[in-house]
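Student: Structure provided below as structure tokens; questions to follow.
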Amino acid sequence: MPDRPPSDGPELPEVQMHLHRQDEPATGVVVRNEVCTQKKAAGFVRHIEFDVSGSRLAGNFRTGQAFGVLPPGVDDKGRPHSQRLYSIASPTRGEQGKGNIISTTVKRVIDEHWDTKKLFLGVASNYLCDLQVGETAKLLGPAGKRFVLPKNHADHDYLFFATGTGIAPFRGMLGDLYYQSSPRSATLVMGSPYATELMYHDHFLAMQQDHPSFNYLTALSRERQSDCEEGLYVQHRLSTHREQMTELLSKPTTLIYICGLVGMEMGIFKRMARILPPEILSQYLRVDPEAGEIDNWSRKMLHRKLKPTRRVFLEVY
Ligand code: A2P
Numbered sequence: 001m002p003d004r005p006p007s008d009g010p011e012l013p014e015v016q017m018h019l020h021r022q023d024e025p026a027t028g029v030v031v032r033n034e035v036c037t038q039k040k041a042a043g044f045v046r047h048i049e050f051d052v053s054g055s056r057l058a059g060n061f062r063t064g065q066a067f068g069v070l071p072p073g074v075d076d077k078g079r080p081h082s083q084r085l086y087s088i089a090s091p092t093r094g095e096q097g098k099g100n101i102i103s104t105t106v107k108r109v110i111d112e113h114w115d116t117k118k119l120f121l122g123v124a125s126n127y128l129c130d131l132q133v134g135e136t137a138k139l140l141g142p143a144g145k146r147f148v149l150p151k152n153h154a155d156h157d158y159l160f161f162a163t164g165t166g167i168a169p170f171r172g173m174l175g176d177l178y179y180q181s182s183p184r185s186a187t188l189v190m191g192s193p194y195a196t197e198l199m200y201h202d203h204f205l206a207m208q209q210d211h212p213s214f215n216y217l218t219a220l221s222r223e224r225q226s227d228c229e230e231g232l233y234v235q236h237r238l239s240t241h242r243e244q245m246t247e248l249l250s251k252p253t254t255l256i257y258i259c260g261l262v263g264m265e266m267g268i269f270k271r272m273a274r275i276l277p278p279e280i281l282s283q284y285l286r287v288d289p290e291a292g293e294i295d296n297w298s299r300k301m302l303h304r305k306l307k308p309t310r311r312v313f314l315e316v317y
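Structure follows, in structure tokens:
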């Protein structure tokens, strides 16, 4: 890829959208439902696979997209539950390469009601996590067309940042990148409170063993890591690996993908602004002088005074 102005991003593939809607959902049969964190994890996160053979979802989804789930039952107003979107965690060719098995990563939502302080259980997440192999669910989609790998995905270097279940699309994308061809390089930074909560950890370690161009970094926020002190967020890896990150971000072929908790993108942009020379930063983020001091940057400025370029892909929720 030639050196391009910052506004110019890579060409994205055409994607299929909304092949199944609420009035005509696809049927997915659960073929796998297993914990995907480490032993003794405090939370409950499961990797769930659906066989969608015979539906229009089969062969027509792309990693980075999401699918909808229609939980059974009605909401507190007596209306049928609306769809919940879950990121696809499988590669574009599905779990077994035939395009018919689609997966996602689901964290059980277990909380207290903010006013009554009574137990609150997330409707869709607990429904999905409770599904047994052989049971079916109503699925919709696919949805989303911006958060995908580019057409010529082997021509790029990648920097992926994930927090929590934001890892799902990157499991799929790394599958596309390394099972089908090989990218120039890919670095994954995974943020999690404790080592026990890291998802697909063994999978990424094995991938790193098999593919020297894949680099897997973790950022634990509530526990000390062997190479640095406690309290690491994903953006801190830009500093702990400053030389490597600056070199990676200086390449005209590098793309950044960010997925997970809302707010993580600002932490990443602020840290990039601190470590990168302006001519490199501007390849990813166009900063209006009115944005002022980095410390005062806020989410409200995003897409106005702080404009990510088309080399940055964002999916935060
Ligand atoms: P913490 O909650 O310790 O402050 P999970 O979804 O599994 O809880 O993981 C989310 C991870 O992302 C946690 O380590 C959490 O840290 C971290 N995190 C929370 N807010 C941000 C943020 N604004 N930027 C980057 N990481 C964050």
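1 is the number of the first residue of the sequence shown in our numbering; add one for each residue after it. We put the CB at the ideal spot given by N, CA and C, even for glycine.
Regarding Y233 and the ligand A2P, is the C-beta to nearest heavy atom distance less than 7 Å?
Tutor: Yes - the ligand A2P has a heavy atom lying nearer than 7 Å to the Cβ of Y233.
Student: Would you kindly check if the distance between the Cβ of K107 and the Cβ of G43 is under 8 Å?
Tutor: Contact flag set, yes.
Student: According to DSSP, is H201 helix, strand or coil?
Tutor: Helix at H201.
Student: Could you work out which residue in C259, D115 and P308 is closest to D8 when comparing CA atoms only?
Tutor: It is P308 whose Cα lies nearest to the Cα of D8.
Student: Within its chain, find whatever has a CB closer than 6 Å to the CB of Y127; leave out the 5 residues flanking it on each side and keep chain order.
Tutor: Only P71 meet the Cβ criterion.
Student: Using three-state DSSP, classify V29 as helix, strand or coil.
Tutor: Residue state, collapsed to three classes: strand.
Student: Closer than 8 Å is the cut-off here; do at least three beta carbon pairs connect the region 26-33 with the region 190-204?
Tutor: No: fewer than three Cβ pairs fall under 8 Å.
Student: Alpha carbon to alpha carbon, how far is H241 from P252? Give it in angstroms, no decimals.
Tutor: If I take the Cα positions, the gap works out to 19 Å.
Student: Comparing the CB of S213 with every heavy atom of the ligand A2P, is any distance shorter than 7 Å?
Tutor: S213: no, Cβ never under 7 Å from the ligand A2P.
Student: For T187 versus L248, is the C-beta spacing smaller than 8 Å?
Tutor: Taking 8 Å as the Cβ cut-off, T187 and L248 qualify as a contacting pair.
Student: Quick one: Cα of L281 to Cα of G134, how far?
Tutor: Their Cα atoms are separated by approximately 49 Å.
Student: What is the C-beta distance between V148 and P13, in whole angstroms, given that I count them as a contact (C-beta under 8 Å)?
Tutor: Right, their Cβ atoms sit about 6 Å apart.
Student: Hey, which unbroken runs of the beta strand (DSSP E) at 3 residues or more fall wholly within the region 129-164?
Tutor: 136-143 and 157-163, all fully within the region 129-164.
Student: Would you tell me roughly how many angstroms separate the C-alpha atoms of A26 and P212, rounded to the nearest one?
Tutor: Cα to Cα, A26 sits roughly 39 Å from P212.
Student: Quick check: the region 195-209 against the region 230-240, are there 3 or more CB pairs under 8 Å?
Tutor: No, the region 195-209 is not in contact with the region 230-240.
Student: State yes or no: is the C-beta of Q65 within less than 8 Å of the C-beta of I48?
Tutor: Their beta carbons are not under 8 Å apart, which means Q65 does not touch I48 by this criterion.
Student: Hey, is M245 close to the ligand A2P, as in C-beta under 7 Å from one of its heavy atoms?
Tutor: False, no ligand heavy atom lies under 7 Å from that Cβ.
Student: May I ask whether a heavy atom of the ligand FMN can be found less than 7 Å away from the beta carbon of R46?
Tutor: Ligands displayed in this structure: the ligand A2P; the ligand FMN is not among them.
Student: At a threshold of 7 Å, does P10 count as lining the ligand A2P (C-beta to nearest heavy atom)?
Tutor: Flag unset: Cβ of P10 not near the ligand A2P.
Student: State the Cα-Cα distance for the pair S53 and V74, rounded to the nearest angstrom.
Tutor: So the two alpha carbons sit approximately 28 Å from each other.
Student: Could you say which of K98, L314 and T92 lies nearest to K151 if we only look at CA atoms?
Tutor: Ranking the options by Cα distance to K151, first place goes to T92.
Student: By Cβ distance below 8 Å, which residues in the same chain neighbour P142 in space, the five residues on each side in sequence not counted?
Tutor: Closer than 8 Å at the Cβ level, and outside the excluded window around P142, lie V15, Q16, M17, H18, L19, L57, N60, F61, R62, Q65, A66, F67 and I88.
Student: Taking the C-alpha atoms as reference points, what is the distance between F269 and S55?
Tutor: Between F269 and S55, the C-alpha separation is close to 41 Å.
Student: In this structure, does DSSP put P5 in helix, strand or coil?
Tutor: Caution applies to P5, whose pLDDT of 47 falls short of 50 and renders its modelled position unreliable; the model cannot decide the point.
Student: If you measure between the beta carbons of G164 and G231, is that distance less than 8 Å?
Tutor: No. Outside cutoff.
Student: State the DSSP-derived secondary structure class of M190, mapped to helix, strand or coil.
Tutor: DSSP places M190 in strand when its eight states are reduced to three.
Student: Can you check DSSP and say which residues form a bridge with D51?
Tutor: Paired residue(s): V29 and I101.
Student: If I follow the unbroken beta strand (DSSP E) through K270, where does it start and stop?
Tutor: That residue, K270, is in no beta strand (DSSP E); its alpha helix (DSSP H) goes M264 to I275.
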